[in-house]
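Number of protein chains: 2
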Amino acid sequence: MVKCLSRQLDRTFGALADPTRRRILQQLSKGDSCVTELARPYAMSLPAISKHLRVLEKAGLICRRRNGRVHRMNLEAAPMKDASQWIEEYRRFWEESFDRLGEYLKELQNKEKPNVHHEK
Amino acid sequence: MVKCLSRQLDRTFGALADPTRRRILQQLSKGDSCVTELARPYAMSLPAISKHLRVLEKAGLICRRRNGRVHRMNLEAAPMKDASQWIEEYRRFWEESFDRLGEYLKELQNKEKPNVHHEK
Chain A
742 MVKCLSRQLD RTFGALADPT RRRILQQLSK GDSCVTELAR PYAMSLPAIS
792 KHLRVLEKAG LICRRRNGRV HRMNLEAAPM KDASQWIEEY RRFWEESFDR
842 LGEYLKELQN KEKPNVHHEK
Chain B
742 MVKCLSRQLD RTFGALADPT RRRILQQLSK GDSCVTELAR PYAMSLPAIS
792 KHLRVLEKAG LICRRRNGRV HRMNLEAAPM KDASQWIEEY RRFWEESFDR
842 LGEYLKELQN KEKPNVHHEK
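Sequence lines, in order, name chains A and B.
Counting in our numbering, the final residue of the first sequence is number 861, and the numbers go up one at a time with none missing.
Counting in our numbering, the final residue of the second sequence is number 861, and the numbers go up one at a time with none missing.
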């Protein structure tokens, strides 16, 4: 079960690690689409787009329905739930690091204030 | 700016797409660690672990401090914030799909009930 989830996370994060694939998912979030419609915004060959679609399909992030020669794709966001939960475990760490950065910037501002006063 | 964020997302998601790298981050969430300590749980050579550490470092997910020959690593979760925000945009889609699954399972149960009654 754990191993299966781990493999799914490999595929989900791997699929999301590419700008073209993220844009395809964004396009599909607006509605189903066929391969040629998906390929249109990119200066990319159909085989190149098809390769990206296969990665997304293997990750379970899109679903393909065949209607003769036309392949329609739709978004399947379910695998993102586990990916989101995995990342959420680290929220307190990034929140802490942004808090530290905020405090550091505040300290810098306080240090700069007397100088500004002095220059007057 | 958008391109820079996109490249960072490539690196963050790419770094998270491997079970060893995810486990290293989990180890570091418990506290700083040196390379040999990080390598211990894995049947992996030090160069193989070092390669994973370099991917994590390039993604800005860990930070290396050198103390002579000892390299200590610590978790830097900040880049995960954008990755989490990117995925969050799809929450309504995965919630919808789990709702649909729930409704489908409820329907199945309702369909099965009369049969159980009939068998009595």
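Backbone N, C-alpha and C define an ideal beta-carbon position, used for all residues, glycine too.
**Q.** C-alpha distance - G755 of chain B paired with R805 of chain A, whole-angstrom precision
**A.** 25 Å
Q: Give the interface partners of A819 of chain A over in chain B, defined as CB-CB distance under 9 Å, in chain order.
A: F834, W835, S838, F839 and L842
(Q) Strictly below 8 Å CB to CB, what residues from chain B border I803 of chain A? (A) Per Cβ cutoff of 8 Å: no residues; I803 of chain A is ~11 Å from chain B at best.
**Q.** Sequence-distant residues of its chain with Cβ nearer than 7 Å to R748 of chain B (five each side left out)
**A.** none
**Q.** Option in A:A819, A:I765 and A:A800 with minimal Cα separation from M785 of chain A
**A.** A:I765
Q: Kindly identify the DSSP beta-bridge partner or partners of S774 of chain B.
A: B:M814
Q) Exposed or buried, what is C745 of chain A when buried is set at 16 or more other beta-carbons lying within 10 Å of its beta-carbon? A) exposed
**Q.** Interfacial residues, the stretch 749-762 of chain B to chain A, with Cβ spacing under 9 Å
**A.** L750, D751, R752, T753, F754, G755, A756, L757, A758, D759 and P760
Q. I828 of chain B CB to nearest chain A CB: under 7 Å?
A. yes
Q. Can you list, in chain order, the residues of its chain whose CB lies under 7 Å from that of K799 of chain B, leaving out five sequence neighbours each side?
A. R752
**Q.** Rounded distance between the beta-carbons of R763 of chain A and L757 of chain A, thought under 8 Å
**A.** 6 Å
Q: Ignore the nearest five residues each way along the sequence and tell me which others in R813 of chain A's own chain have a CB closer than 6 Å to its CB.
A: D773, C775 and R806
Q. Counting pairs of Cβ atoms below 8 Å between the stretch 786-795 of chain A and the stretch 808-823 of chain B, do you hit three or more?
A. no
Q. Taking the alpha-carbon positions, what's the T761 of chain B to K771 of chain A distance?
A. 35 Å
Q: May I ask you to list the residues that DSSP assigns as paired with C804 of chain B?
A: B:N815
Q. Rounded C-beta distance between E778 of chain A and L802 of chain A? I'm assuming under 8 Å.
A. About 18 Å separates the two Cβ atoms, so there is no contact after all.
**Q.** Runs of alpha helix (DSSP H) wholly within the stretch 818-853 of chain B (minimum 4 residues, chain order)
**A.** 821-829
Q) Between W835 of chain B and A819 of chain A, is the Cβ-Cβ spacing less than 7 Å? A) yes
Q) Are there 16 or more other CB atoms within 10 angstroms of the CB of L750 of chain A, so buried, or fewer, so exposed? A) buried
Q: In angstroms with no decimal places, state the Cα-to-Cα distance between S825 of chain B and Q767 of chain A.
A: 15 Å
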